[in-house]
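Written below as structure tokens is the structure these notes are about.
2 protein chains.
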Amino acid sequence: MEPAASTIYALSFLAVAVAFAFAVYLHLWVKRQPTDNPTIRRVSDLIKAGANTFMRKEYKILAAFAGVAAVLIFLFLPQGIWEGDWHENVGMTLAYIAGTVLSAIAGKIGILVATSSNGRAAEAARKGIQPAFMVGFRGGAVMGLAVVGFSLLGVAAVLLLAGDSSIVLGFSFGASSLALFAKADGGIFTKTADVSADLTGKVELGIPEDDPRNPAVIADNVGDNVGDVAGMGADLFDSNVAAMAAALVLAQTIDGDTGGVSTMTVFCYAALGLLSSILGIATARIGKHGNPTRALNSSTYVTTAIFVVLTALATALFEGFRWEIWAASAVGLLVGVIIGITTDYFTDDTKPIVKRVAHASHSGSAFTILSGVSYGFVSALPAMIGIAVSALFAYQICAPLGSSYALFGIAMAAVGMLSIVGMIISNDAYGPIVDNSRGLAEMGGLGEDTIRICDELDSAGNTVKAVTKGFSIGAAGLTVISLLGAFMAEVNEVLAERGEELLTGFDIMNPTVFFGVLIGAAIPAVFSAMLMLGVDKNAQRMVAEIHRQFREIAGLREGKEGVQPEYDKCIDIATAGALRELIPAGLFAILATVVVGLIGGVRAIGGFLLGNIVSGLLLALFMSNAGGLWDNSKKYVEAGNEGGKGSEAHKAAVVGDTVGDPFKDTAGPSINTQITVVSLVASLLAPLFVALSIF
Amino acid sequence: MEPAASTIYALSFLAVAVAFAFAVYLHLWVKRQPTDNPTIRRVSDLIKAGANTFMRKEYKILAAFAGVAAVLIFLFLPQGIWEGDWHENVGMTLAYIAGTVLSAIAGKIGILVATSSNGRAAEAARKGIQPAFMVGFRGGAVMGLAVVGFSLLGVAAVLLLAGDSSIVLGFSFGASSLALFAKADGGIFTKTADVSADLTGKVELGIPEDDPRNPAVIADNVGDNVGDVAGMGADLFDSNVAAMAAALVLAQTIDGDTGGVSTMTVFCYAALGLLSSILGIATARIGKHGNPTRALNSSTYVTTAIFVVLTALATALFEGFRWEIWAASAVGLLVGVIIGITTDYFTDDTKPIVKRVAHASHSGSAFTILSGVSYGFVSALPAMIGIAVSALFAYQICAPLGSSYALFGIAMAAVGMLSIVGMIISNDAYGPIVDNSRGLAEMGGLGEDTIRICDELDSAGNTVKAVTKGFSIGAAGLTVISLLGAFMAEVNEVLAERGEELLTGFDIMNPTVFFGVLIGAAIPAVFSAMLMLGVDKNAQRMVAEIHRQFREIAGLREGKEGVQPEYDKCIDIATAGALRELIPAGLFAILATVVVGLIGGVRAIGGFLLGNIVSGLLLALFMSNAGGLWDNSKKYVEAGNEGGKGSEAHKAAVVGDTVGDPFKDTAGPSINTQITVVSLVASLLAPLFVALSIF
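Protein chains in written order, with my numbering: chain A, 1 to 695; chain B, 696 to 1390.
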């Protein structure tokens, strides 16, 4: 059957509609769960209010940033407004704004549901692991469905209205701008609060982690939501949109227009991915005394299998859909799952690596750090090989169809890897929800048994988080490779218009390319350093505020009835400080791209993107995995191994965990977004670099 | 004047002869300095004997390794012995053996002089800073002159005898094999001993650093010599030879034979570099109460200036010497000096960064680590920019002469950067000599004043070490870029013989190249992780031995008169263990190259080398600088800042230093060698990859 564009678009919008309807159903289901405990309700409301405060401020600054960016886009992109057809500039600007707004709405919905699920999951835990798991998982699923639904809706609508895949890059850049803020800003916020709460509470005063006397305790819980729910959601929204955008740009080089069969393949696969995630979420179940980690993982495998089967059916059904493309996307997905599993090997505390790091802690914290850094480095290898092999396989299998198909094959491997992103986000958002539940169960005095159940749910969240992080880095890797292809396609479009010779590639023996590679490789290192130093500076401000409150609020330290700390102040400081620290880092990455492009032109930028991708992947994998490894080796010691809580090994393991926190929750995952932002800036500014560069 | 090949060769051999004569003079001068104190003489002899034991075992294993490598080279390189002219295979094999042997001799000489200078410098310190400085510096200079003399001698002799620059790659590979052993093996040895001595002595027993009761104390001092003197010497021997080899291969693509003007330019510059270093060493002076850091740095600047002037004169004098090439080499040298200075900014304790890390230590060791990692990442940026800019500049300025000249320009920038390597090694070898002196002064009871003077000399050694490390990484960076050019030249020679289409470059849009890049980038991370884990494992063995001695040797712990620990046993364990840990890491890097080459062919290897170089440079700079930063921030605290010795900040700073030790002395600088080894393996195996690869 010939795939009419209208059929495929209809399929896409249908998938989006089903996703939204299902998300509303799940949200209402969560809302129906009882919430009786007044303390839990009060604290949960505080967390919700704090998260909203943060998001409001973040979105305000973001609006200013996006406003400036929108004006620049309107003036300069795709070309100077004085030069060509200004309608295109309007289209690009509107697409950019739509990208930021849709991503922001998805993030907002995620926070809304997460903050109403946490307390309910805690109370459900009184009845057992099964009901609590369902509340946590379904709360997370709303976020997953919203993110994928809005991203597919946005991309399809923009392409349908604009009729030019370059404009989709504008939408993608909007999503990236938001992701840069949400991920890095949320990452700085959450670690600022976490570190300050630990330093003043656990270390200085010796009070428990979630003690309500600590002025930073609400900020800490808010951080879980804004960093892990909203931040991760925006990150994967960004990757998903970028993968589709790159595939669409490359599809246009094959089809010649945007209604062709390659373009339709992209939408068909994306829509089927969303439907697979919906089925995976709908069928997620756990036994009465089931293992939550296994439940989460098996839903992922179910989704994967459904996607592979559905896309095979589509390929058989629709004329012009190629089996080679199907194979590329299936391999992409498979490699994504494999990367997740190897990540798990390095960070799961039932596996040998975590135990070895815990054992090394006996000799002191320096050995915790050295062994963690070493295994973190080693852990990057399998994922790098996985990305390399899937890109090579996708290219080689599609190359017989023609060279444009070969690059398109890599892009479809990325789309394939990201097809189950709805399921991945659901699993990931589940983590912070049950993490909050554990704190709420303790503050609400729900008893030992309930806390134990919450602990079990939380631990599953941590394990699955490692898998989803590996997965999202792998997906970003493949996506940016195809963005490199999209960059070349954009450059060639400009060169063709100017009647100049087209680029056939970027030769590393060309020193302009090499120049770009070396500088591009240094950017993720500096970017992540700026974020980590930002956490440190911001934490110092917050610690000063906490000290002030303990000094000035009478009765706070003693826990006098009715005396409450000023939670808002801490939230305000973390919010303002996170933004202050983020902006230089983000600007640095963007300006470095512009400077290299203006000096070395498009060839230097080709190299710059390569260096940026390669060192970015390496560092992101290293930092995320080392952080997860230290976190779980601390938990392993706390579970009574190697001397248990309070031993010297435990102290050393805590140092590892403190180092690992900004590694895995601030710097590591933000590098993903940095890479995507830089790749999109390069593609969007391609005309500028062609026209103005020195060399 | 037309530069006859014979004139330039004569100049080269003359420079070598002068260097050797001067080295002998300096050695005799050092030997004439008095050595009266019996304790110092005894301990100094123990150190010398320990170093000799280590070197003997290392060279024995190395001989076995080199023997196997020599057989493989004879059978397969430059082509299968059954295929072509076996005379070439004999030449390659002999060149390889000569490379290992000459580097080994230079290392042996360095150790010999260093271990006879340390005690003399300690005794000279009783008379003041001036005589002690001269002993330390001149002892180090013998090593510098030996390394550069033997490397120039070897390269010139091999080329003169073989008449083919490809054979020089064999010599270079020999030097690299030795460097891999000397640098990584010495690095594991020295940190094993250091860590074990600290853990058992300072931490468990609370005895001072250089207490003779500690069975590891001699091993610790031996480590300074084998790691910093022999290891660094072999590393720079390797870089220097590799830079010349790459330049010679590229010169042959210009000249068509090996007697042409480009080849003569290489030798002329190398000879003038050696002469400049001789002049710089001969004029090195320090005032009666002078500043040793300033004295060391000003000799470097003097050498730099002399080299730039002499090469300008040669360019004016000799017909066919190009000003463009002179400019390229001058810029290379200048950038090397700038990289050194920026490294100094990040690691000198009078500059703000070290102070900030010391201040962060107040909040605990996690913050020492986080801030050190962050600034370590940032510190890589200026060096990466420096290497990128000098490569781009060298290429652009030479490109008008023709495309072969452009790559040759980059190679000459590397030769320029390495021209003052004699001076650099002198400064660097000075460090471990005066470090040993400090320990000997303490053990020999030379009094507070003498120890203070030794401390001052030692501190200058640490500062200058940072500069030389930055310099050697920068030089390795430029060298491997030209090795990439040499690799392509080798591949094209093979392709031309087979009548196949020549390579014009490596396109990063080609997924086979990209595949190589991703995997190549992961190799330095895994290699350095294996070395660091090796230190950890080896230290555990040594700590067990120290515990055994304290348990079984009666009276040792109490320091009973006449009771001595079994120092040899510790040296044996460190020696055997270091080799055991090194070999898998070295084989891993070499095998990865072979596997990638056999899968993806020469294109994948081009990408592989690029990824390897880029991530290797980034990690080497990060690890070396972070390590130096932590070391000096500990010293800064110990000097009485941020609470001084014994404070909480001091404990945190010690953790930083312990993490930094294997970073800066084992893993970081070994990455240099790993990059060179991999680049040379790739060039040598180019015919194999052309013939046998899958893709």
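Note that beta-carbon positions come from the ideal geometry of N, C-alpha and C, so glycine has one too.
At what residues does the alpha helix (DSSP H) containing residue i begin and finish?
{"i": "E500(A)", "result": "Looking at the DSSP string, E500(A) is not in any alpha helix (DSSP H), and its letter there is neither H nor E."}
{"i": "Q564(A)", "result": "From DSSP, Q564(A) is part of no alpha helix (DSSP H); its letter is neither H nor E."}
{"i": "N436(A)", "result": "V421 to M443"}
{"i": "E123(A)", "result": "W86 to A124"}
{"i": "L847(B)", "result": "I824 to A857"}
{"i": "W724(B)", "result": "A700 to R727"}
{"i": "M1204(B)", "result": "M1204(B) -> no alpha helix (DSSP H), and no H or E assigned at all."}
Should residue i go down as buried or exposed, given a rule of 16 or more other Cβ atoms within 10 Å for buried?
{"i": "Y395(A)", "result": "buried"}
{"i": "A1000(B)", "result": "exposed"}
{"i": "H1054(B)", "result": "buried"}
{"i": "P1279(B)", "result": "exposed"}
{"i": "H722(B)", "result": "buried"}
{"i": "W1325(B)", "result": "buried"}
{"i": "A1109(B)", "result": "buried"}
{"i": "A270(A)", "result": "buried"}
{"i": "I508(A)", "result": "buried"}
Quick one: what's got a C-beta closer than 6 Å to residue i's C-beta in the same chain, skipping five residues either side?
{"i": "F20(A)", "result": "G149"}
{"i": "V249(A)", "result": "S165, A486 and A489"}
{"i": "L1178(B)", "result": "A941 and S1374"}
Taking 8 Å as the CB-CB limit, is residue i close to chain A?
{"i": "P1047(B)", "result": "no"}
{"i": "L1213(B)", "result": "yes"}
{"i": "G1180(B)", "result": "yes"}
{"i": "D1231(B)", "result": "yes"}
{"i": "G1281(B)", "result": "no"}
{"i": "I1064(B)", "result": "yes"}
{"i": "T1353(B)", "result": "yes"}
{"i": "V796(B)", "result": "no"}
Which same chain residues end up closer than 8 Å to residue i when comparing Cβ atoms and leaving out the 5 residues on each side of it in sequence?
{"i": "V1221(B)", "result": "F1283"}
{"i": "M443(A)", "result": "T39, I40, V43, D210 and P212"}
{"i": "S1342(B)", "result": "V1332"}
Please decide whether residue i counts as near chain B, where near means a Cβ-Cβ distance under 8 Å.
{"i": "V421(A)", "result": "no"}
{"i": "P511(A)", "result": "yes"}
{"i": "T253(A)", "result": "no"}
{"i": "L478(A)", "result": "no"}
{"i": "S196(A)", "result": "no"}
{"i": "P565(A)", "result": "no"}
{"i": "E395(A)", "result": "The displayed chain sequence assigns Tyr, not Glu, to residue 395(A). It does: the Cβ of Y395(A) has a partner Cβ on chain B nearer than 8 Å."}
Taking C-beta to C-beta, are residue i and residue j nearer than 8 Å?
{"i": "V837(B)", "j": "I804(B)", "result": "yes"}
{"i": "G227(A)", "j": "F189(A)", "result": "yes"}
{"i": "A1321(B)", "j": "V1332(B)", "result": "no"}
{"i": "V513(A)", "j": "A604(A)", "result": "yes"}
{"i": "A1269(B)", "j": "A914(B)", "result": "yes"}
{"i": "S1391(B)", "j": "A851(B)", "result": "Residue 1391(B) cannot be examined here, being either before or after the span of chain B that is shown, 696 to 1390."}
{"i": "T311(A)", "j": "S329(A)", "result": "yes"}
{"i": "L1152(B)", "j": "I742(B)", "result": "no"}
{"i": "V261(A)", "j": "T283(A)", "result": "no"}
{"i": "L1065(B)", "j": "A1009(B)", "result": "no"}
Flag residue i as yes when its Cβ comes closer than 7 Å to any non-hydrogen atom of the ligand ADP, and as no otherwise.
{"i": "A1155(B)", "result": "The ligand ADP is not part of the structure shown, which contains no ligands of any sort."}
Leaving out the 5 sequence neighbours to the left and right, which residues in its chain are closer than 7 Å to residue i when beta-carbon positions are compared?
{"i": "F1245(B)", "result": "L1251 and R1252"}
{"i": "I397(A)", "result": "E324, A327, A328 and G409"}
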